[in-house]
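Q:
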Amino acid sequence: MAEYVKAKLQEARESLEAAEAELREAKSKVEVRGAAERAWGAAVQATDAPIYALKGRKPPSRFERRKALREPEEVEAVGRLGPGDRHMARCKPPRGAFYEGVVDREEVRLELEKARRCVEDVEGASRP
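Going by numbering that gives the first Met the number 0, the first residue of the sequence shown is number 0, and it counts up by one from there.
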């Protein structure tokens, strides 16, 4: 189980690095949208890691992910991180950029920073 969690966090970090590189080099709105989607993917991988650690399985849907994120919030140390709220907050801007075509390079850059903090917080909480 620990190996899966470690792999998900590594995947999240790699997605963030790819998103940052893509945003830096983006010459079109399509490329900025791609960076936004990678940032969203990083947030999903980071939130799936602790869910797997607690439940022993990956959430099969967005609904199950949101539901699973509510449960660890009852533990004070985890609740302070607000994983459910952070997950949903990371969802809107990148998905809006990708699906709605609302592309603001600065907003995507800020969301990348927030996604990075989310990944780092999950990594910190995952250490013994």
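Where is the CB? At the ideal position from N, CA and C, for every residue including glycine.
So, helix, strand or coil for Ala34, using DSSP?
A: Start at 1 with the first residue of the sequence shown, and residue 34 comes out as number 35. The answer is helix: DSSP assigns Ala34 an H, G or I state.
Q: For the pair the region 6-16 and the region 31-51, tell me if three or more CB-CB distances fall below 8 Å.
A: Output reads yes: the region 31-51 touches the region 6-16.
Q: Would you kindly report the start and end of the unbroken alpha helix (DSSP H) that includes Ala67?
A: The count along the sequence shown starts at 1 and reaches residue 67 at position 68. Note, Ala67: alpha helix (DSSP H), Arg61 to Arg69.
Q: Secondary structure at Pro49, three-state DSSP: helix, strand or coil?
A: Against the sequence shown, residue 49 aligns to sequence position 50. In the structure shown, Pro49 sits in a helix (DSSP, three-state: H, G or I).
Q: Under the three-state reduction of DSSP, which class applies to Ala25: helix, strand or coil?
A: Counted from its first residue, the sequence shown places residue 25 at position 26. In this structure, Ala25 counts as coil in the three-state DSSP scheme.
Q: Assign Ala76 to one of three DSSP states: helix, strand, or coil.
A: In the sequence shown, the residue the question calls residue 76 occupies position 77. A caution first: Ala76 carries a pLDDT of 48, below 50, which makes its placement in the model too unreliable to give a value.
Q: Gly40 by DSSP, collapsed to three states: which one?
A: By 1-based counting over the sequence shown, the position of residue 40 is 41. Three-state DSSP puts Gly40 in a helix.
Q: Where does Arg104 fall in DSSP's three states?
A: In the sequence shown, residue 104 corresponds to position 105, counting from 1. DSSP places Arg104 in helix when its eight states are reduced to three.
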